[in-house]
Amino acid sequence: MTEQTVTYQVTGMSCAHCEGSVSNELSELPGVSSVKAVASTGEVTVVSTAPLDADAVRAAIDEAGFELVGTV
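Position in the sequence shown (from 1) plus 148 gives the number in my numbering.
Have a look at this one:
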């Protein structure tokens, strides 16, 4: 199965705790195999086994308390 990698731009992350919150929420989405959030750049890279639903990604980031700006 081919993995897909998408990098999202997220605003509001400022520390390792923020990175963990975003990573935990996104990791719960179906098909997600890894998440790497970097607070200093606001970039969140998600590797998944299937295309992710944009609304689901936005909802997960909102749930973590941050805002999805778009993809990089």
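Note that CB positions come from ideal geometry on N, CA and C, so glycine has one too. None of these values were measured; they are calculated from a predicted model.
Check: Between E151, Q152, G218, which has its C-alpha nearest E191's C-alpha?; Outcome: G218
Check: What does the alpha-carbon distance come out to for the pair C166 and S175?; Outcome: 14 angstroms
Check: Could you check what DSSP says for L216 in three-state terms: helix, strand or coil?; Outcome: strand
Check: Which one or two residues does DSSP pair with T155 in a beta bridge?; Outcome: T193
Check: Any idea which residues DSSP pairs V186 with across the strands?; Outcome: E191
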